[in-house]
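Participant: According to this note's numbering, the sequence shown is numbered sequentially starting from 4.
Every residue, glycine too, gets a C-beta built ideally from N, C-alpha and C.
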Amino acid sequence: MVSRDNAEAPNLDETCGLEWTNEVATDWKAAAVKRGYWVDPFIYLFQQPKQNILRFPEMLRGYYARVKGIRIVVEQFLDKFGPACQIINFGAGFDTMYWNLSKEGRRIDLYLEIDLPDVVRKKINCILRHSSHLYSFACNEQLQMLIDHNDVMHALNYHIMAGDLCNTDDLMEKFLSIPIDFSKPTLFLSECVLVYVDVDRTKNLLHMLSNKFAKACFLDYEPSNLNSIFGRKFLENMAQMKVAVSGAPFCESVDSMRQIYVENGWSNFKSWKVSGVYLNSLPRQDRERMETLDLLDDPEMLKQMLDHYLFSVATNCNDQNLISIGFE
């Protein structure tokens with residue numbers, strides 16, 4: 004969720020800019036958790052030195068919609084296929100989904116996170132520093148952490164490694180280095196990642212994943228409608244940070260996203276504006292509780308912002324359990 008917070012972005016090169024967006028997102032999530040928007044006992048363990056950001060309520064609600072929406076889809080997938088299933092999180096950053104699911108007793112055969120080398124190294128350092136807290140659920144299991152070159156770690160069913168989404172051969176080598184089962188139901192997660200990936204590279208990635216995994220679902224959260232005033236402002240902010248929005252043509256519209264997914268093996272594609280998910284699909288009682296925490300100066304600004312983000316779910320087969328995943 005990037006909009007109003009970019010005004011104070013530092014002068015960064017492209018790779019550092021992408022890393023900075025991860026730290027900003029983590030900081031916003033930690034701020035929302037502290038305010039009581041949702042519960043996440045692990046997010047603070049990964050929070051870097053705090054960013055100098057004004058806490059706009061619209062942004063906090065935006066992150067609430069993002070986190071809750073993703074969690075709904077993940078839980079649907081696990082309810083239908085768990086525990087004999089896999090989750091692969093591209094551009095995971097400092098995401099804490101794995102530990103929250105484990106704390107709640109949700110079992111998964113394999114959970115893999117892939118990100119930039121510096122992000123992975125920082126996350127591994129945080130994991131090592133707080134392992135007793137993060138892996139308290141494993142008290143009855145023998146916890147062994149295997150670390151390779153500071154940017155690969157394996158612990159129980161959790162794996163994290165540096166990887167290049169633009170290089171499908173490299174990515175396949177990463178997959179083959181761990182006990183991935185290409186026949187098992189697999190959920191791919193991507194939060195504001197493909198918007199920064201060259202469109203041809205995204206096509207190659209989607210094509211490879213669709214061909215290699217027999218039964219897969221791809222949950223994507225991205226900005227959209229980038230030709231609007233809001234979208235152009237997003238692009239300007241990223242340019243100031245020297246971050247190339249190479250995936251802008253992919254995220255231009257719902258139609259552009261659908262075409263790329265379908266043409267690369269994901270025959271079933273559905274999408275929802277985050278504004279609609281916020282109002283119609285999130286648990287109403289919890290949303291109303293959250294809305295009492297901070298009053299909005301301009302409710303229309305929230306709707307406009309959420310209108311420019313999409314959840315999409317695509318599947319590469321006709322399994323009805325997969326196809327049924329999504330929002331009402």
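Taking the alpha carbon of P182 as the reference point, which residue from L81, S327, N25, L113 has its own alpha carbon closest?
Facilitator: As a first step, residue 182 is located in the sequence shown; it is residue number 179 there, counting from the start. Among L81, S327, N25, L113, the Cα nearest to that of P182 belongs to L113.
Participant: How is the beta strand (DSSP E) around L222 delimited, first residue to last?
Facilitator: Walking along the sequence shown from the start, residue 222 turns up at place 219. L222 -> beta strand (DSSP E) spans 219-226.
Participant: Could you compute how far the alpha carbon of N9 sits from the alpha carbon of Y264?
Facilitator: By 1-based counting over the sequence shown, the position of residue 9 is 6. By 1-based counting over the sequence shown, the position of residue 264 is 261. With a pLDDT of 40 at N9, under the threshold of 50, the predicted position of this residue should be treated as unreliable, though the coordinate-derived value follows. Taking the straight line joining both Cα atoms gives about 30 Å.
Participant: Can you tell me which of the three DSSP states A247 falls into?
Facilitator: Residue 247 sits at position 244 when you count from the first residue of the sequence shown. The answer is coil: DSSP assigns A247 none of H, G, I, E or B.
Participant: Helix, strand or coil: which one does DSSP assign to V265?
Facilitator: Taking the first residue of the sequence shown as 1, we reach residue 265 at position 262. It is helical.
Participant: Relative to the C-alpha of F314, which candidate in E294, L305, S284, D297 has its C-alpha closest?
Facilitator: Reading the sequence shown from its first residue, position 311 is the one you call residue 314. A check of alpha carbon separations from F314 across E294, L305, S284, D297 identifies S284 as the nearest.
Participant: Could you check where the alpha helix (DSSP H) with L131 kicks off and where it finishes?
Facilitator: Locating residue 131 in the sequence shown gives position 128, counting from the first residue. First-last of the alpha helix (DSSP H) with L131: 120-132.
Participant: Can you find at least 3 beta carbon pairs, one from the segment 214-227 and one from the segment 246-262, that sit closer than 8 Å?
Facilitator: Enough Cβ pairs lie closer than 8 Å, so yes.
Participant: Between which two residues does the alpha helix (DSSP H) carrying Y138 extend?
Facilitator: Here residue 138 is taken as the residue at index 135 of the sequence shown, counted from 1. Careful: Y138 lies outside any alpha helix (DSSP H) and carries neither H nor E.
Participant: Compare the Cα-Cα distances from S186 to each of K37, C220, K126 and report the closest residue.
Facilitator: Here residue 186 refers to the residue found at position 183 of the sequence shown. Checking every option, the nearest Cα to that of S186 belongs to C220.
Participant: Find out if the Cβ-Cβ distance for the pair L209, G279 is shorter than 8 Å.
Facilitator: Taking the first residue of the sequence shown as position 1, residue 209 is located at position 206. Taking the first residue of the sequence shown as position 1, residue 279 is located at position 276. With respect to the 8 Å criterion, L209 and G279 are not classified as neighbours on the basis of their beta carbons.
Participant: Here's a check: name, in chain order, each residue in its chain whose Cβ is nearer than 7 Å to the Cβ of I150, leaving out the five neighbours to either side.
Facilitator: What you label residue 150 is simply residue 147 of the sequence shown in a count that begins at 1. Excluding sequence neighbours, I150 sits near I127, M156.
Participant: Checking the sheet assignment: what are the DSSP bridge partners for V316?
Facilitator: Translated into the one-based positions of the sequence shown, residue 316 becomes position 313. For V316, which the question treats as bridged, DSSP gives the partners L222, K273.
Participant: Note down the Cα distance separating P286 from E294, rounded to an integer number of angstroms.
Facilitator: The residue you call residue 286 lines up with position 283 of the sequence shown. The residue you call residue 294 lines up with position 291 of the sequence shown. Cα to Cα, P286 sits roughly 12 Å from E294.
Participant: Smallest Cα separation from N271: which of S259, V316, M304?
Facilitator: Taking the sequence shown and counting its residues from 1, the one referred to as residue 271 is at position 268. The shortest Cα separation from N271 among S259, V316, M304 belongs to V316.
Participant: How would you write the range of the alpha helix (DSSP H) that V200 sits in, first residue to last?
Facilitator: Reading the sequence shown from its first residue, position 197 is the one you call residue 200. Looking at the DSSP string, V200 is not in any alpha helix (DSSP H), and its letter there is neither H nor E.
Participant: Output the distance between the C-alpha atoms of G72 and D297, rounded to the nearest integer angstrom.
Facilitator: Locating residue 72 in the sequence shown gives position 69, counting from the first residue. Locating residue 297 in the sequence shown gives position 294, counting from the first residue. Straight-line Cα distance between these residues: approximately 20 Å.
Participant: Is there contact between the segment 85-92 and the segment 33-45, where contact requires at least three CB pairs shorter than 8 Å?
Facilitator: no
Participant: Beta strand (DSSP E) containing Y40: first to last residue?
Facilitator: On the sequence shown, residue 40 is found 37 positions in, with the first residue counted as 1. Secondary structure note for Y40: it is in no beta strand (DSSP E), with a DSSP letter that is neither H nor E.
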